[in-house]
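Protein chains: 2
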Amino acid sequence: MKTENDIASISGASHIEHKRHSLAHLLAAAVLSHFPDAKPTLGPAVDNGFYYDFEFSSPISEKELPKLEKEMGKLLRGWKSFDGKEVSEKEARALFIENPYKIELIEEIVKKGEKITLYTSGDFTDLCRGGHVENPAHDIDSESFTLDRIAGAYWRGDERNTVLTRIYGLAFDTKEELDTYITQREEAKKRDHKKIGKEMGLFVFSELVGAGLPLWTPKGTIMRELLNDFVWELRRAKGYQKVAIPHITKKALYETSGHWSKFADELFKIETREKHLYAMKPMNCPHHTQIFDSSPKSYRDMPQRYCETTMVYRDEQSGELSGLSRVLSITQDDAHVFCRQQQAEQEIFSVWDIIDTFYAPFGFKDIQVRISKHDPDHFEKYLGTPEIWAMAERQLTELVEKRGIKNWISGVGEAAMYGPKIDFIAKDSIGRSLQVATIQLDYNMPNNFNLECTNEKGEKEPVVMIHCAIMGSIERFMSTLIEHYAGNFPLWLSPIQVKIIPIMETHRAHAENVRDTLIAVGIRVEFADHDENLGKKIRAGKVDKIPYMIIVGDKEVESDTVTLESRDAGNLGALSPADMLARITKEIMEKK
Amino acid sequence: MKTENDIASISGASHIEHKRHSLAHLLAAAVLSHFPDAKPTLGPAVDNGFYYDFEFSSPISEKELPKLEKEMGKLLRGWKSFDGKEVSEKEARALFIENPYKIELIEEIVKKGEKITLYTSGDFTDLCRGGHVENPAHDIDSESFTLDRIAGAYWRGDERNTVLTRIYGLAFDTKEELDTYITQREEAKKRDHKKIGKEMGLFVFSELVGAGLPLWTPKGTIMRELLNDFVWELRRAKGYQKVAIPHITKKALYETSGHWSKFADELFKIETREKHLYAMKPMNCPHHTQIFDSSPKSYRDMPQRYCETTMVYRDEQSGELSGLSRVLSITQDDAHVFCRQQQAEQEIFSVWDIIDTFYAPFGFKDIQVRISKHDPDHFEKYLGTPEIWAMAERQLTELVEKRGIKNWISGVGEAAMYGPKIDFIAKDSIGRSLQVATIQLDYNMPNNFNLECTNEKGEKEPVVMIHCAIMGSIERFMSTLIEHYAGNFPLWLSPIQVKIIPIMETHRAHAENVRDTLIAVGIRVEFADHDENLGKKIRAGKVDKIPYMIIVGDKEVESDTVTLESRDAGNLGALSPADMLARITKEIMEKK
Numbered sequence: 001m002k003t004e005n006d007i008a009s010i011s012g013a014s015h016i017e018h019k020r021h022s023l024a025h026l027l028a029a030a031v032l033s034h035f036p037d038a039k040p041t042l043g044p045a046v047d048n049g050f051y052y053d054f055e056f057s058s059p060i061s062e063k064e065l066p067k068l069e070k071e072m073g074k075l076l077r078g079w080k081s082f083d084g085k086e087v088s089e090k091e092a093r094a095l096f097i098e099n100p101y102k103i104e105l106i107e108e109i110v111k112k113g114e115k116i117t118l119y120t121s122g123d124f125t126d127l128c129r130g131g132h133v134e135n136p137a138h139d140i141d142s143e144s145f146t147l148d149r150i151a152g153a154y155w156r157g158d159e160r161n162t163v164l165t166r167i168y169g170l171a172f173d174t175k176e177e178l179d180t181y182i183t184q185r186e187e188a189k190k191r192d193h194k195k196i197g198k199e200m201g202l203f204v205f206s207e208l209v210g211a212g213l214p215l216w217t218p219k220g221t222i223m224r225e226l227l228n229d230f231v232w233e234l235r236r237a238k239g240y241q242k243v244a245i246p247h248i249t250k251k252a253l254y255e256t257s258g259h260w261s262k263f264a265d266e267l268f269k270i271e272t273r274e275k276h277l278y279a280m281k282p283m284n285c286p287h288h289t290q291i292f293d294s295s296p297k298s299y300r301d302m303p304q305r306y307c308e309t310t311m312v313y314r315d316e317q318s319g320e321l322s323g324l325s326r327v328l329s330i331t332q333d334d335a336h337v338f339c340r341q342q343q344a345e346q347e348i349f350s351v352w353d354i355i356d357t358f359y360a361p362f363g364f365k366d367i368q369v370r371i372s373k374h375d376p377d378h379f380e381k382y383l384g385t386p387e388i389w390a391m392a393e394r395q396l397t398e399l400v401e402k403r404g405i406k407n408w409i410s411g412v413g414e415a416a417m418y419g420p421k422i423d424f425i426a427k428d429s430i431g432r433s434l435q436v437a438t439i440q441l442d443y444n445m446p447n448n449f450n451l452e453c454t455n456e457k458g459e460k461e462p463v464v465m466i467h468c469a470i471m472g473s474i475e476r477f478m479s480t481l482i483e484h485y486a487g488n489f490p491l492w493l494s495p496i497q498v499k500i501i502p503i504m505e506t507h508r509a510h511a512e513n514v515r516d517t518l519i520a521v522g523i524r525v526e527f528a529d530h531d532e533n534l535g536k537k538i539r540a541g542k543v544d545k546i547p548y549m550i551i552v553g554d555k556e557v558e559s560d561t562v563t564l565e566s567r568d569a570g571n572l573g574a575l576s577p578a579d580m581l582a583r584i585t586k587e588i589m590e591k592k
Numbered sequence: 001m002k003t004e005n006d007i008a009s010i011s012g013a014s015h016i017e018h019k020r021h022s023l024a025h026l027l028a029a030a031v032l033s034h035f036p037d038a039k040p041t042l043g044p045a046v047d048n049g050f051y052y053d054f055e056f057s058s059p060i061s062e063k064e065l066p067k068l069e070k071e072m073g074k075l076l077r078g079w080k081s082f083d084g085k086e087v088s089e090k091e092a093r094a095l096f097i098e099n100p101y102k103i104e105l106i107e108e109i110v111k112k113g114e115k116i117t118l119y120t121s122g123d124f125t126d127l128c129r130g131g132h133v134e135n136p137a138h139d140i141d142s143e144s145f146t147l148d149r150i151a152g153a154y155w156r157g158d159e160r161n162t163v164l165t166r167i168y169g170l171a172f173d174t175k176e177e178l179d180t181y182i183t184q185r186e187e188a189k190k191r192d193h194k195k196i197g198k199e200m201g202l203f204v205f206s207e208l209v210g211a212g213l214p215l216w217t218p219k220g221t222i223m224r225e226l227l228n229d230f231v232w233e234l235r236r237a238k239g240y241q242k243v244a245i246p247h248i249t250k251k252a253l254y255e256t257s258g259h260w261s262k263f264a265d266e267l268f269k270i271e272t273r274e275k276h277l278y279a280m281k282p283m284n285c286p287h288h289t290q291i292f293d294s295s296p297k298s299y300r301d302m303p304q305r306y307c308e309t310t311m312v313y314r315d316e317q318s319g320e321l322s323g324l325s326r327v328l329s330i331t332q333d334d335a336h337v338f339c340r341q342q343q344a345e346q347e348i349f350s351v352w353d354i355i356d357t358f359y360a361p362f363g364f365k366d367i368q369v370r371i372s373k374h375d376p377d378h379f380e381k382y383l384g385t386p387e388i389w390a391m392a393e394r395q396l397t398e399l400v401e402k403r404g405i406k407n408w409i410s411g412v413g414e415a416a417m418y419g420p421k422i423d424f425i426a427k428d429s430i431g432r433s434l435q436v437a438t439i440q441l442d443y444n445m446p447n448n449f450n451l452e453c454t455n456e457k458g459e460k461e462p463v464v465m466i467h468c469a470i471m472g473s474i475e476r477f478m479s480t481l482i483e484h485y486a487g488n489f490p491l492w493l494s495p496i497q498v499k500i501i502p503i504m505e506t507h508r509a510h511a512e513n514v515r516d517t518l519i520a521v522g523i524r525v526e527f528a529d530h531d532e533n534l535g536k537k538i539r540a541g542k543v544d545k546i547p548y549m550i551i552v553g554d555k556e557v558e559s560d561t562v563t564l565e566s567r568d569a570g571n572l573g574a575l576s577p578a579d580m581l582a583r584i585t586k587e588i589m590e591k592k
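Protein sequences appear in the order of chains D and H.
In terms of our numbering, the first sequence opens at residue 1 and continues consecutively.
In terms of our numbering, the second sequence opens at residue 1 and continues consecutively.
As structure tokens, then:
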């Protein structure tokens, strides 16, 4: 099955792109007002705003940005239109005679046999393909953008070229959206999973092992296992069974599945000592088909529901690797249902139930449904025929509407290689969108492997596959949870749930009793019995974001109580050990 | 950690090799009596006897073997000595003038500058390096060997050469040993894990995925998980923690660990799209050192006990792959303890306790202890210095003797690359020896990675590693268990524990009640409610070797009882559902 290794981009309206592009022009105009000998090069719209790359005669610093931003605001008032016109090569060359970058661009346009167009607003004219707002002064709120930062960038992204100065701007439709974005970004920086993961000791990277290959510590592994056990508990109740496969295969498997032709760049390939070609698995589905297909199946055996949490591997470019968000080895909580066509609906709803139950405790907001379809302009990326795709997409759409989802999003070009998907998109605690789970309907891979069952009439009948992952990539889901909770995990998921600190040696026996009571019911306890001072132990507990601390002193020993200090709710006062245990176990059971 | 992928060979006395070698001569003599124009080529001793390769002028069949065996017995009575003498090349060439194979061997001996020796017993003289019994007639019991079978074999094992006829003989010290071997072999054939594994649907191989890469079905996966959970339960009680690592690494990790230089042939190597060199892990220890080393450790943090059940990969020659016994992807129940030198004894004894507890339920006989040491003649295979090896081997020997083991076996050359091992060798139900668990003491890898902790005085102190696996390779252990039990697994380990068969539709409700009672306490049940006939359902249950069948008919419905049919003990009569449940859960708890 395919799960994107990065956070899905939810495509917005193109109007904002026009604004951002117009603002790139405005930035260039403002720069030229203050630095008349700067040479503008290229300036596109990007995800959160725009940038423009310049060659300055001497370096400029971020201190210049407020001045340039003010200049943009001033110029904006006079920009009432964007006027395009086609010009000859000669005219264009004359206009940009002092700017070798624009000359290079003009030569390229000419070489491709395309038209040369110039766009003018106010006093500023740029070489440009178009895509602006009609009336910048009217269409753009001067409070809705800001200049953000400066960075170095090679001309055309090629490290053999000159380093230019890139000025980034942020731009949104309204001031409110801009402010929200800035706040969210500051908050996200504080919650960065790479930073928190290191502080809490959840995972590590090693230079010897390499980037994109996280190593999970005991604490991080506890969390992975708890999440995985939760998924398994829900799947078991729906009749799933675990299977286990090796992480490599002969090339032949992927020639049959289609991965060898459609997915070759991302495959880690292995040549054996005998010169046979193997690959590491980028997905588990082809291997799982071989288990299904190892014995004849009758309608009585259907559906077969296989699940397995295992790693898949993608040969990503090293520059794209980042913390847990993009890795080379991805742990998927993967499952494949092999069923008859008429069973697909029930099986998909059954997965949907699992997703609803699984996501409830995490408190993600506004879970949206996207139907991810194929891109008809790039049919070469997919298996099968347009007819099969049309049928599968229609079936999935009917299902989504039958489930009562009216306002689903259409994700053209977001399908998997083998079929359309239902993707679930949630918002985390600081409002960022993220793809969380996926259900995929596949007529093509079963067809490639010729998977069948015998029906009630004794005839062979083709089989349908449903690919589904609840968490998707455990690495990415862990990074999401770390940032969503800022490391303040709920009790059930915390690697250490309770820290017990006896103040003095005389309090140790009572503290040990409390510890043993907790351990006996499977609660994960840290016992701080070493000879550091009390303040240091408490501070360490806070750094580790442990949900509860129990500090045992004279009062507790005398009254046979414990004083519970909650990370989130502060001091909860003295409780009897039995009441404390009841409170904690209830909170764990409820996954609060 | 290193676990041999094959069943360890326990070296015996060399006297039996001399007998076997002498018998190869005797076979050649007997062949020449009956087939005077046959050309003997080479005839060595092998593990269970001997063989000799001949060129016959016309093919012979296995029907000839009894005649030849009788001839061997007759000739043996006259073979009172083995007389060796050195001859010149000329003499040797003259003697074997009609045998081009022997001429080729003579030429090779001459080329190497070695002496040419002939050995004669009775009337038969052969070109030979020696190594026989002194008096065959006296030393060899004529009932202790037998001719076994015929096979084709290329001259010198090279497929471009002539195909010769190989006659295999079995030979042991006594007739009893020979008979035991033959019985054992017949029994082993019936128990072949490849055959039983397929019949019971535990694992499968796919031509598309390739040999040596087993795929585990739901039933086989249940068994793997039960075994693994049992190991984890014992480890958890001893303070182990799970970790999780990726299955690949940059080359740099293995350059530091020493695997790149000592283990290169067996590594699956990967070149990424950016031309970086990676490898699939052949062992887990180097990755685990990186988790240990990711934060400074004080004496208070020691020992750190990491465990992980995960696959390692070895690039084996395809001709050596066989069922689950030798595979390319090996699941290890691996663990590494990082401790101070003075903690090693306690940690090793702690692993030993786990091994004792784990192996108790399986009923292997005569578990022996081997101290596996380095081979001083091939020190280039190992990390570290002779001094470190001497110390580690001495420490391990003292430990074994302190544990009360007097008659341990010495396994020179059986050590791991990085340190000596305590290996546990058991006998299965048909008397075959097999290596089952291992504890390894390692000063060298921590040294390569410069692993340290801070001691009580604030000084840096080098750390010791203990590598241990309880099952070793789960694939090999599964093959062992399948053959040990002939597929009749104990109740706790059976993928399906109880099969419930209602005789008619009227019995279904009662049968369903029984089923639900069992499922509610986690017992794995198969419910045979489809419309096949009763006999077929019962036969299927027997093929699947299900420990208990419950057949529900009128009698059971009327009296609210169940009749329990045990796979091993036959009909156990009618029981109340509560008594049945008590009996079954007790048997599971006791792992009987």
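Ideal Cβ positions, reconstructed from N, Cα and C, are used throughout, including at glycine.
Given the structure is predicted, the values throughout are model-derived calculations rather than measurements.
With fewer than 16 other CB atoms across the displayed protein chains lying within 10 angstroms of its CB, R77 (chain H) is exposed. Scanning chain H for C-beta atoms nearer than 8 angstroms to the C-beta of M311 (chain D) yields P246 and H247, reported in chain order. The C-alpha of D356 (chain D) lies about 18 angstroms from the C-alpha of L226 (chain D). Not flagged as an interface residue toward chain D: A520 (chain H), since no C-beta distance is shorter than 8 angstroms.
Interface with chain H (8 angstroms Cβ-Cβ cutoff): F489 (chain D) is excluded. Across the set H:D179, H:P59, H:A137 and H:Q332, the C-alpha of H:Q332 shows the shortest separation from the C-alpha of F477 (chain H).
For the segment 442-474 of chain D, the beta-carbon criterion of a distance under 7 angstroms to any beta-carbon of chain H is satisfied by none of its residues.
In the DSSP assignment, Q290 (chain H) falls within the unbroken alpha helix (DSSP H) covering C285 to F292. Within chain H, the residues whose beta carbon sits less than 8 angstroms from that of E225 (chain D) are K242, listed in sequence order. At a cut-off of 8 angstroms, the C-beta of H287 (chain D) has a neighbouring C-beta in chain H. Listed by position along chain H, the residues whose Cβ is nearer than 9 angstroms to that of E526 (chain D) form an empty set, because the closest Cβ is around 12 angstroms away. At a cut-off of 8 angstroms, the C-beta of L277 (chain H) has no neighbouring C-beta in chain D.
In the structure shown, V337 (chain H) falls within a strand segment according to DSSP collapsed to helix, strand and coil. For the pair Y51 (chain D) and C339 (chain H), the Cα-to-Cα distance works out to about 55 angstroms. When rounded, the separation of the alpha-carbon atoms in S295 (chain D) and E207 (chain H) is 14 angstroms. Here A437 (chain H) carries a strand assignment [DSSP, helix/strand/coil].
Between the segment 312-327 of chain H and the segment 270-287 of chain D, the count of Cβ pairs shorter than 8 angstroms is three or higher; the stretches touch. Boundaries of the alpha helix (DSSP H) around H484 (chain D): I474 to Y485. Taking 8 angstroms as the cut-off, the beta carbon of G384 (chain D) is found no closer than this to the beta carbon of N450 (chain D).
Check the Cα spacing between S473 (chain H) and each of H:L178, H:L324, H:F263 and H:G122: the tightest is with H:L324. In this structure, the straight-line span from the alpha carbon of K175 (chain H) to that of D141 (chain H) is close to 8 angstroms. The C-beta distance from K381 (chain D) to K238 (chain D) rounds to 32 angstroms, too long to fall under 8 angstroms, and the pair is not in contact. E159 (chain D) and Q290 (chain D) have their C-alpha atoms roughly 46 angstroms apart. Around the beta-carbon of H374 (chain D), 16 or more other beta-carbon atoms lie within 10 Å, marking it buried.
Taking 8 angstroms as the upper bound for CB-CB distance, D126 (chain D) and P246 (chain D) are not in contact here, some 57 angstroms apart.
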